[in-house]
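Colleague:
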Amino acid sequence: MTQKWFLRPFGGDAVMPPPVWMMRQAGRYLPEYREIRSKAPSFLDFCYTPELAVEVTLQPLRRYGFDAAILFADILLIPDALGQPVQFKTGEGPVLEPIRSAAAVAALQPDRVLGHLAPVFETVRQLAKKIPPETSLIGFAGAPWTVSVYMVEGHGGTDCERARDWAYSAPSEFGHLIDILVEATSDYLIAQIEAGAEVLQLFDSWAGVLSADAFRAWSIEPTKRIVERVKKAAPDVPVIGFPRNAGAMIPEYVEKTGVDGVSLDHSVPLEWAAGAIPKSCVLQGNLDNRLLVVGGAAMDSGIDAILKIAETRPFVFNLGHGIVPQTPPENVGRAVRRIRGEG
Ligand code: 1CP
């Protein structure tokens, strides 16, 4: 049986070269993205217009031939679908009308989520037909903790203090918000699989601000519940977790959530992760995204160090966090060639 290269590590194989994709592989560093983006009236409209979302998902595949495509959408579509006002302001990032009371949680509308997100499922259906046959399609969502941070803070660029305070001072009230997100996110991911997603990634970008016990309660537990629901619906679809900056808690996250792969930020020493995490869990990562900006010999040696570990176990090459807008597109091409032993 021939299997897509991207899926091989999830079947237990340490393949060389390792499959490669990059978080935020579609985005502002690409001139062809900026061109299409300027045609949509708002970032949300952009995400909800399948024709545009499909096109920008395909752009980085045409340039670099990544082993996987990631659905073009955003983790903040879930708050939007729940009825919380969300806007993306140019140069400022997302702005939400913050939720800071039990009454505001009770006003969320879980029943409208799947209907509201129908355009995203249409994008996935079209992508499943349009990506090259050797490429895998990744669906995704934000993990409940990280999505709740934006819902409670109302914007990025914080230390998540309001969300942390709420979680510590009124855990059952805050837990109700997390429960709503677990259900909505599970439904959303299962619908992505039904539309054609072959792998899922759960982004917990703010996992690293939590104390160990809070991490167990608000990152591990909700993720575990989502993985259980997804596995019940689709046992064979690999789920990758990304508990960014969770450091020493990562092995426990892997063990307790049941994820099939774990995406590592660039602070994690790979030789430590390789010893602390069983080979049954695929490691993904973890080139510093600034090395992709810098390029040249520094980037090459960062890549080579990762490849030494990739040889020894099931592995997917990625960055430690998303591609930043200042990245020269030619550096991405050079990185992919180096990873594949072509340069
Ligand atoms: O065109 C623009 O200016 C918008 C920039 C942009 C893009 C390209 C945003 C706003 N979202 C996206 C797409 C996106 N977001 C994708 C699909 C594209 C791809 O990966 O190729 C994905 C997977 C995400 C996920 C996402 N959105 C995360 C998790 C990953 C991470 O970066 O940590 C987070 C935290 C968001 C929120 C968000 N959306 C957009 C911005 C600028 C932010 C970050 C806000 C902040 O905290 O500063």
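Numbering (our numbering), first residue to last: 20 to 362. C-beta atoms are modelled at their ideal positions from N, C-alpha and C, and glycine is treated no differently. On a predicted model such as this, the values are computed, not experimentally measured, just so you know.
Quick one: is Gly161 buried, meaning 16 or more other Cβ sit within 10 Å of its Cβ, or exposed?
Modeller: Buried, since its Cβ has 16 or more Cβ neighbours within 10 Å.
Colleague: Thinking Leu95 and Ile199 are a contact (beta carbons under 8 Å), I'd like their distance in whole angstroms, please.
Modeller: Contact flag wrong, Cβ pair sits at about 15 Å.
Colleague: Per the contact definition of three or more C-beta pairs closer than 8 Å, is the region 139–156 in contact with the region 108–127?
Modeller: The region 108–127 is not in contact with the region 139–156.
Colleague: Are there any heavy atoms of the ligand 1CP lying less than 6 Å away from the beta-carbon of Gly175, as far as the coordinates show?
Modeller: Answer for Gly175: yes, Cβ within range of the ligand 1CP.
Colleague: Check whether the Cβ of Glu44 sits closer than 6 Å to any heavy atom of the ligand 1CP, and report yes or no.
Modeller: According to the sequence shown, residue 44 is Gln rather than Glu. Gln44 Cβ: within cutoff of the ligand 1CP.
Colleague: Taking 6 Å as the cut-off, is the C-beta of Phe222 nearer than that to any heavy atom in the ligand 1CP?
Modeller: Yes, the Cβ of Phe222 comes within 6 Å of a heavy atom of the ligand 1CP.
Colleague: Could you check what DSSP says for Lys250 in three-state terms: helix, strand or coil?
Modeller: In the structure shown, Lys250 sits in a helix (DSSP, three-state: H, G or I).
Colleague: Going by beta-carbon coordinates alone, are Arg319 and Arg357 separated by less than 7 Å?
Modeller: Residue identity differs from the one stated: residue 319 is Asp in this sequence, not Arg. Yes, these two residues count as a Cβ contact at 7 Å.
Colleague: What number of angstroms, rounded off, separates the C-alpha of Asp178 from the C-alpha of Glu111?
Modeller: Computed Cα separation, rounded: 17 Å.
Colleague: Between Val281 and Gly315, how many whole angstroms is the CB-CB distance? I'm expecting something under 8 Å.
Modeller: About 29 Å separates the two Cβ atoms, so there is no contact after all.
Colleague: Quick one, are the C-beta atoms of Gly321 and Leu338 less than 7 Å apart?
Modeller: For Gly321 and Leu338, no; Cβs fall outside 7 Å.
Colleague: Alpha carbon to alpha carbon, how far is Trp363 from Gly294?
Modeller: Residue 363 cannot be examined here, being either before or after the span of the chain that is shown, 20 to 362.
Colleague: Mapping the DSSP letters down to three states, classify Asn350 as helix, strand or coil.
Modeller: In this structure, Asn350 counts as helix in the three-state DSSP scheme.
Colleague: Helix, strand or coil for Ala147? Go by DSSP, reduced to three states.
Modeller: Three-state result, Ala147: helix.
Colleague: Using the rule of at least 16 other Cβ atoms within 10 Å of the residue's Cβ for burial, across every protein chain shown, is Glu330 buried or exposed?
Modeller: With fewer than 16 other Cβ atoms within 10 Å, it is exposed.
Colleague: What are the boundary residues of the alpha helix (DSSP H) that includes Lys298?
Modeller: Element bounds for Lys298: n/a, residue is neither H nor E.
Colleague: Along the chain, where does the alpha helix (DSSP H) containing Gly112 start, and where does it finish?
Modeller: Here Gly112 belongs to no alpha helix (DSSP H); instead the beta strand (DSSP E) covers 112–115.
Colleague: Alpha carbon to alpha carbon, how far is Glu74 from Pro333? Give it in angstroms, no decimals.
Modeller: Roughly 31 Å separates the two Cα atoms.
Colleague: Which word fits Ala324, buried or exposed, when buried means at least 16 other C-beta atoms lie within 10 angstroms of its C-beta?
Modeller: Classification for Ala324: exposed.
Colleague: Looking at the unbroken beta strand (DSSP E) that takes in Asn264, where does it start and where does it end?
Modeller: Counting along the chain, Asn264 falls outside any beta strand (DSSP E), and DSSP gives it neither H nor E.
Colleague: Measure from the alpha carbon of Phe336 to the alpha carbon of each residue in Asp64, Asp32, Pro37, Gly31, then state which is nearest.
Modeller: The shortest C-alpha separation from Phe336 is found at Pro37.
Colleague: Go through its chain and collect everything with a Cβ distance to Arg181's Cβ below 8 Å, but skip five positions before and after it.
Modeller: If we look at Arg181 and ignore the five residues flanking it on each side, its Cβ neighbours are Pro117, Arg119, Val171, Glu172.
Colleague: Where does Phe159 sit, in a helix, a strand or coil, going by DSSP?
Modeller: Three-state result, Phe159: strand.
Colleague: Quick test of your reading: Gly304 and Val278, contact by CB under 8 Å. State the CB separation rounded to the nearest angstrom.
Modeller: About 14 Å separates the two Cβ atoms, so there is no contact after all.
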